[in-house]
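For the sequence shown, position 30 matches number 32 in my numbering, and the numbering has no gaps at all.
Beneath this line is the structure, given in structure tokens, with notes to follow.
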Amino acid sequence: MTPLYVYVSADCPVCARTLLLVADVRAQEPEYPIEVIDLAQPGTTKPAMVFGTPTYVFKGRILSLGNPTLETLLNLFREDG
């Protein structure tokens, strides 16, 4: 399965919701590969396409700037699987 990369940052006011959304996906579908990348962590490399947080990247493309719906994320993996 293709991983979903979720870029967050400590200074992002909506990223707390992002982490809850990721937790919801993981609770419903624990096998789905999701990597949360905190851009505030030292040594973290920010891809050129990421210019704000949260940013969801799937298959090398931006899936969402901001938080998508839970249904959107669940369907993403179901269609990819």
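Glycine included, every Cβ here is placed at the ideal spot set by N, Cα and C.
A quick note: this is a predicted structure, and the numbers were derived from the prediction, not measured.
With DSSP run on the structure shown, which of helix, strand or coil describes residue i?
i, result
"Asp-82", "helix"
"Leu-6", "strand"
"Asp-26", "helix"
"Thr-20", "helix"
"Thr-57", "strand"
"Glu-37", "strand"
If the criterion is Cβ atoms closer than 8 Å, does the pair residue i and residue j meet it?
i, j, result
"Val-27", "Leu-76", "yes"
Cα-Cα, which of the options is closest to residue i?
i, options, result
"Gly-68", "Leu-23, Glu-37, Met-3", "Leu-23"
"Asp-40", "Ser-66, Ile-64, Cys-14, Val-10", "Val-10"
"Phe-34", "Thr-4, Leu-65, Leu-72", "Note on identity: in this sequence residue 34 is Tyr, with Phe being the wrong assignment. Among Thr-4, Leu-65, Leu-72, the Cα nearest to that of Tyr-34 is on Thr-4."
"Gln-43", "Ala-12, Val-16, Leu-6, Phe-79", "Ala-12"
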